[in-house]
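Some notes on the structure that comes next.
Number of protein chains: 2
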Amino acid sequence: MGKNAIVGQSGGPTAVINASLAGVYESCKERGAEKVYGMMYGVSGLLERQFCILDEKLKVPMDIELLKRTPSSYLGSCRYKLPDWHTQDGEKIYKQLFTILEELEIGCFFYIGGNDSMDTIDKLSAYGAHAKSEIRFIGIPKTIDNDLMVTDHTPGYGSAAKYIGVVMKEIIRDSTVYDIKSVTIVEIMGRNAGWLTAAAALAESNDCEGADMICLPEVPFDMELFIEKVAELQKKKKSLVIAVSEGIKLEDGRYVCELADDDHKTDVFGHKSLTGTGRFLADTLARHLDTKTRAIELSTLQRCASHAASGTDIAEAYQVGAAAAKAAFEGHTGDMVALIRTTHTPYQCTTELHPIREIANLEKTVPVEWIKKDFMGMTQDFISYASPLIQAELPPYYVAGLPHHIYLADK
Amino acid sequence: MGKNAIVGQSGGPTAVINASLAGVYESCKERGAEKVYGMMYGVSGLLERQFCILDEKLKVPMDIELLKRTPSSYLGSCRYKLPDWHTQDGEKIYKQLFTILEELEIGCFFYIGGNDSMDTIDKLSAYGAHAKSEIRFIGIPKTIDNDLMVTDHTPGYGSAAKYIGVVMKEIIRDSTVYDIKSVTIVEIMGRNAGWLTAAAALAESNDCEGADMICLPEVPFDMELFIEKVAELQKKKKSLVIAVSEGIKLEDGRYVCELADDDHKTDVFGHKSLTGTGRFLADTLARHLDTKTRAIELSTLQRCASHAASGTDIAEAYQVGAAAAKAAFEGHTGDMVALIRTTHTPYQCTTELHPIREIANLEKTVPVEWIKKDFMGMTQDFISYASPLIQAELPPYYVAGLPHHIYLADK
Numbered sequence: 001m002g003k004n005a006i007v008g009q010s011g012g013p014t015a016v017i018n019a020s021l022a023g024v025y026e027s028c029k030e031r032g033a034e035k036v037y038g039m040m041y042g043v044s045g046l047l048e049r050q051f052c053i054l055d056e057k058l059k060v061p062m063d064i065e066l067l068k069r070t071p072s073s074y075l076g077s078c079r080y081k082l083p084d085w086h087t088q089d090g091e092k093i094y095k096q097l098f099t100i101l102e103e104l105e106i107g108c109f110f111y112i113g114g115n116d117s118m119d120t121i122d123k124l125s126a127y128g129a130h131a132k133s134e135i136r137f138i139g140i141p142k143t144i145d146n147d148l149m150v151t152d153h154t155p156g157y158g159s160a161a162k163y164i165g166v167v168m169k170e171i172i173r174d175s176t177v178y179d180i181k182s183v184t185i186v187e188i189m190g191r192n193a194g195w196l197t198a199a200a201a202l203a204e205s206n207d208c209e210g211a212d213m214i215c216l217p218e219v220p221f222d223m224e225l226f227i228e229k230v231a232e233l234q235k236k237k238k239s240l241v242i243a244v245s246e247g248i249k250l251e252d253g254r255y256v257c258e259l260a261d262d263d264h265k266t267d268v269f270g271h272k273s274l275t276g277t278g279r280f281l282a283d284t285l286a287r288h289l290d291t292k293t294r295a296i297e298l299s300t301l302q303r304c305a306s307h308a309a310s311g312t313d314i315a316e317a318y319q320v321g322a323a324a325a326k327a328a329f330e331g332h333t334g335d336m337v338a339l340i341r342t343t344h345t346p347y348q349c350t351t352e353l354h355p356i357r358e359i360a361n362l363e364k365t366v367p368v369e370w371i372k373k374d375f376m377g378m379t380q381d382f383i384s385y386a387s388p389l390i391q392a393e394l395p396p397y398y399v400a401g402l403p404h405h406i407y408l409a410d411k
Numbered sequence: 001m002g003k004n005a006i007v008g009q010s011g012g013p014t015a016v017i018n019a020s021l022a023g024v025y026e027s028c029k030e031r032g033a034e035k036v037y038g039m040m041y042g043v044s045g046l047l048e049r050q051f052c053i054l055d056e057k058l059k060v061p062m063d064i065e066l067l068k069r070t071p072s073s074y075l076g077s078c079r080y081k082l083p084d085w086h087t088q089d090g091e092k093i094y095k096q097l098f099t100i101l102e103e104l105e106i107g108c109f110f111y112i113g114g115n116d117s118m119d120t121i122d123k124l125s126a127y128g129a130h131a132k133s134e135i136r137f138i139g140i141p142k143t144i145d146n147d148l149m150v151t152d153h154t155p156g157y158g159s160a161a162k163y164i165g166v167v168m169k170e171i172i173r174d175s176t177v178y179d180i181k182s183v184t185i186v187e188i189m190g191r192n193a194g195w196l197t198a199a200a201a202l203a204e205s206n207d208c209e210g211a212d213m214i215c216l217p218e219v220p221f222d223m224e225l226f227i228e229k230v231a232e233l234q235k236k237k238k239s240l241v242i243a244v245s246e247g248i249k250l251e252d253g254r255y256v257c258e259l260a261d262d263d264h265k266t267d268v269f270g271h272k273s274l275t276g277t278g279r280f281l282a283d284t285l286a287r288h289l290d291t292k293t294r295a296i297e298l299s300t301l302q303r304c305a306s307h308a309a310s311g312t313d314i315a316e317a318y319q320v321g322a323a324a325a326k327a328a329f330e331g332h333t334g335d336m337v338a339l340i341r342t343t344h345t346p347y348q349c350t351t352e353l354h355p356i357r358e359i360a361n362l363e364k365t366v367p368v369e370w371i372k373k374d375f376m377g378m379t380q381d382f383i384s385y386a387s388p389l390i391q392a393e394l395p396p397y398y399v400a401g402l403p404h405h406i407y408l409a410d411k
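The listed protein sequences correspond, in order, to chains A and B. Letter 36 of the first sequence, counting from 1, is numbered 36 in the numbering used here, and no numbers are missing. Letter 138 of the second sequence, counting from 1, is numbered 138 in the numbering used here, and no numbers are missing.
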């Protein structure tokens, strides 16, 4: 086996993806990796020979602590889809990649990412087997969307859910301050899975009224019913706060935001870029009802707010990174590390390996039985599932009043 | 003098307006106020006899600690402009208000708010003098906008500035993660004064590149120059993050956001509601340059993010509330408590009283000599001014993973 390891980060950033990087790095070093390389900008950068030696960057224990507290991908990221290696043009790319990996004497290859990144690991391990390479490929789950199969939840989700809980409580306090009719629509990320929007339900507690309505993409959106429910709720309570997923769709499959704007771009994986759902709903309500409305888009902050990260999430993100290194050094390849909840109360979670083929390119959505009828929120089953994931805090190191990060300047 | 006191909160919420409420309450009780009433929804609610007895709400020391950590106005707020009392219809309102105050045996009246709220104190104290009332009226500054005259800064600004610094650092890490050309426009509140947007400059440090451009309303916005500068900067650095004030205006006085949309509503004080500046600039850049763009609107979170409040700001907000009570009990009326910076290094600040007439309805903008040419950011003078205001943290009490608040359910 090659004496070195390499690790990359891919897809959208999270608050804790660097904690997984720290876990991979420390676990590889402990297991005797001579050098641990970092791909710059994922596989896409690696193809252009953009990499660094992490041993030269992470020199003191404080660097590891800062990695746990720094949002986004320390190494940079990409949204690059590997071609099919069965085609001639496709195979060229793989040959190029494996040549670089062999030059660097890589024994273990780690990729931290979501669905699309697991597709990369799937293809690389399949091509590796075909080419009789000894390199081991392990996937490390990461996505705020929580939409990966097999794993109980994905690292990154807990922190995004905690951030959503924190800001929903603050937005509810802010939005109910005037004695006038108002509807605040909070637009939350999530293309087809409503896990993030569902987290708005965590705000309800003895010191907070909670969200008044929650709209997930798992349930077809009915505009008439929505307006009717808002009017009904406003009879009893002047200020409403409603959480909606950017990805809510009509019965006929059209995204709600498409009703407002036909100019929706598509990314390399064929995903539509969705924004404007909240604004569109706010405008629609203002036209139909006698109420002030406001749309708030949580935007990228829900994935990068390390200053409000979940301590549990950071610990688990580190854990899956470290478990991935263990798996690779023990000879596994083509697997992803999954989180398995062993008990609910008290919450306990461990890691397991799963063939990546069972995971890549599939999406796990919110069970519809966890969603209350008529946009009325989430059931206790969801709360029991999500609540443990937002527990505990690992506050930033504040320097001159702001959180201190670790930063790869020569990226 | 009436044996009781009354306090109200008015205008837009902040992260620390409740710390001022705590300061007023504790200082009034210490000085012998029998009861401290809270106006519900400011003067507007008081006119409808909506009030509570704070002594019945704030029973244990923990309630005061929670007030310091709860965003928005505990008592509710209003945007109500008192009429001119020289007119017959106008005077009716004042008579009505003073009747209620006399019934409640009020000796001291406190109003925590911004420019428009100081106008209320100005009018009430003038009418009080005219009507030979013994009630003392004191204004307590509060606004994230930092646009009040006389006071060195306003409570609420430090926390908003800290929040902007925190999220700018996180957005910069998030937005520079891909190896592609991109421009992220962060739209920040501020109608005519750029204090909040200027706070984006605080993000720059040895672990952060900082904002690439900062556009304030104090400097006429030149679209051609803006596009030119972006193109120039992108030659050296692919991903740019730009902070813009919602209130930037062209040389001819039109708001930039008006170029996109003529449907701008006006509030009761005649202020235009400004949003869409960031989105408009992002769309314009995408049309003119070969770059991905994204607009992020910080929206209400910049005024209600108590979870990232400045410890200094919380302490000062409490201090001005307490100083207001002292002033009223010592016989002052028609004054506002101002913060006076006595020394810069070390930062030290004290309170002084100023006639409210010198303050109400005036706006303090950012000195243009603190703004670098061509949107290139803020000078060291601004950093030295703003940096002390974001220092220290007073973290929330986290309960079940989320910040705990104090909540007036029967409001």
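The beta-carbon is built from N, C-alpha and C at its ideal position, and this holds for glycine as well. These numbers come from a predicted model, not from an experiment.
Any beta-carbon of chain A closer than 7 angstroms to the one on residue i?
i: E393 of chain B; result: yes
i: G114 of chain B; result: no
i: L402 of chain B; result: yes
i: I6 of chain B; result: no
i: S73 of chain B; result: yes
i: K162 of chain B; result: yes
i: I415 of chain B; result: Residue 415 of chain B lies beyond the residue range present for chain B, which begins at 1 and ends at 411; the question has no answer from this structure.
i: I390 of chain B; result: yes
For a quick check, are the C-beta atoms of residue i and residue j less than 7 angstroms apart?
i: E352 of chain A; j: I340 of chain A; result: yes
i: K68 of chain B; j: I314 of chain B; result: yes
i: N192 of chain B; j: P220 of chain B; result: no
i: T342 of chain B; j: K142 of chain B; result: no
i: H153 of chain A; j: L389 of chain A; result: yes
i: A392 of chain B; j: G311 of chain B; result: yes
i: A360 of chain B; j: D84 of chain B; result: no
i: D55 of chain A; j: K81 of chain A; result: no
i: K364 of chain A; j: D147 of chain A; result: yes
Between the Cα of residue i and those of the options, spot the shortest distance and give me the residue it belongs to.
i: V223 of chain B; options: B:H153, B:F280 and B:A131; result: The question names Val, but residue 223 of chain B in the sequence shown is Met. It is B:F280.
i: A325 of chain B; options: B:A400, B:T197 and B:V24; result: B:V24
i: Q319 of chain B; options: B:I112, B:M39 and B:D63; result: B:I112
i: M39 of chain A; options: A:I53, A:E209 and A:E26; result: A:I53
i: K413 of chain A; options: A:D207, A:V183, A:G190 and A:P395; result: Missing from the structure shown is residue 413 of chain A; chain A here goes from 1 to 411 and no further.
i: F226 of chain A; options: A:K237, A:K238 and A:M213; result: A:M213
i: I135 of chain B; options: B:G334, B:H404 and B:V399; result: B:G334
i: G90 of chain A; options: A:L124, A:D116 and A:F110; result: A:L124
Is it right to say residue i is buried, meaning 16 or more other beta carbons lie within 10 angstroms of its own, or is it exposed?
i: E369 of chain A; result: exposed
i: E170 of chain B; result: buried
i: N4 of chain B; result: buried
i: Q9 of chain B; result: buried
i: A62 of chain A; result: Reading the sequence as shown, one finds Met at residue 62 of chain A and not Ala. Label assigned to M62 of chain A: exposed.
i: Q96 of chain B; result: exposed
i: D263 of chain A; result: With a pLDDT of 47 at D263 of chain A, under the threshold of 50, the modelled position of that residue is not reliable, and no figure is offered here.
i: D116 of chain B; result: buried
i: I467 of chain B; result: Outside the displayed range of chain B (1 to 411) lies residue 467 of chain B, so it cannot be described from this structure.
List the residues of chain A that residue i touches, going by C-beta distances under 8 angstroms, in chain order.
i: P13 of chain B; result: R173, D174 and V177
i: A308 of chain B; result: H307 and A308
i: I185 of chain B; result: Chain A residues near I185 of chain B: none, gap ~11 angstroms exceeds 8 angstroms.
Report the neighbours of residue i on chain B: residues whose CB is nearer than 8 angstroms to its CB, in chain order.
i: H405 of chain A; result: K169, R173, D207 and C208
i: Y41 of chain A; result: Y178 and D179
i: G45 of chain A; result: D179
i: G305 of chain A; result: The displayed chain sequence assigns Ala, not Gly, to residue 305 of chain A. Within 8 angstroms Cβ-Cβ: V167 and E170.
Give a yes or no on whether the minimum CB-CB distance between residue i and chain B is below 7 angstroms.
i: G76 of chain A; result: yes
i: L289 of chain A; result: no
i: Y398 of chain A; result: yes
i: S117 of chain A; result: no
i: T333 of chain A; result: no
Run through chain B and tell me which residues come within less than 9 angstroms of residue i, C-beta to C-beta.
i: L202 of chain A; result: A400, G401 and L402
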